[in-house]
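Colleague: Here the UniProt record's numbering is used: the first residue of the sequence shown is 1, the next is one more, and so on. All C-beta atoms, glycine included, are put in the ideal place defined by N, C-alpha and C. Computed from a predicted structure; not experimentally measured. Structure incoming, see below.
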Amino acid sequence: MNNRDRAYRSVCIVRLGVRKMIDAVQRSVALKACRAHRSVSLHSALIFSRLLPLDIRVRKAAWLYDVKRGKDLGDTFVDRELETLVYFGDLPHPAHVP
């Protein structure tokens, strides 16, 4: 086993450990929210408590961040027009808008 394989395995183990910790925190919150017993699984507790899994929430937040910052998203919004940031000083005064 070379150093690259060891590094990859250590990263995978760290990611798995972080994933387990996030799932444990998320499960405890979901169990309290739906008032279930400890024997209920994470996914069932999330469904009963109407919570989105954290990995989906993080992906959604990252996607929204990219959209708001104007990152090129390819053809995601081909038929839509996105809002862009505008300096308020460039806007006309409300009293002068027809």
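In whole angstroms, give me the CA-to-CA distance for residue 41 and residue 69.
Modeller: Translated into positions along the sequence shown, residue 41 becomes position 41. Translated into positions along the sequence shown, residue 69 becomes position 69. Each residue's alpha carbon lies about 37 Å from the other.
Colleague: In whole angstroms, what is the alpha-carbon distance linking residue 33 and residue 43?
Modeller: Against the sequence shown, residue 33 aligns to sequence position 33. Against the sequence shown, residue 43 aligns to sequence position 43. Going from the Cα of residue 33 to the Cα of residue 43 covers about 13 Å.
Colleague: Rounded to whole angstroms, how far is the Cβ of residue 38 from the Cβ of residue 46, which I believe are closer than 8 Å?
Modeller: One-based indexing of the sequence shown puts residue 38 at position 38. One-based indexing of the sequence shown puts residue 46 at position 46. Incorrect: roughly 15 Å between the Cβ atoms, too far for contact.
Colleague: On the CB-based measure, 16 or more other CB atoms within 10 Å of its CB, does residue 27 come out buried or exposed?
Modeller: In the sequence shown, the residue the question calls residue 27 occupies position 27. With 16 or more Cβ atoms within 10 Å of its Cβ, residue 27 is classed as buried.
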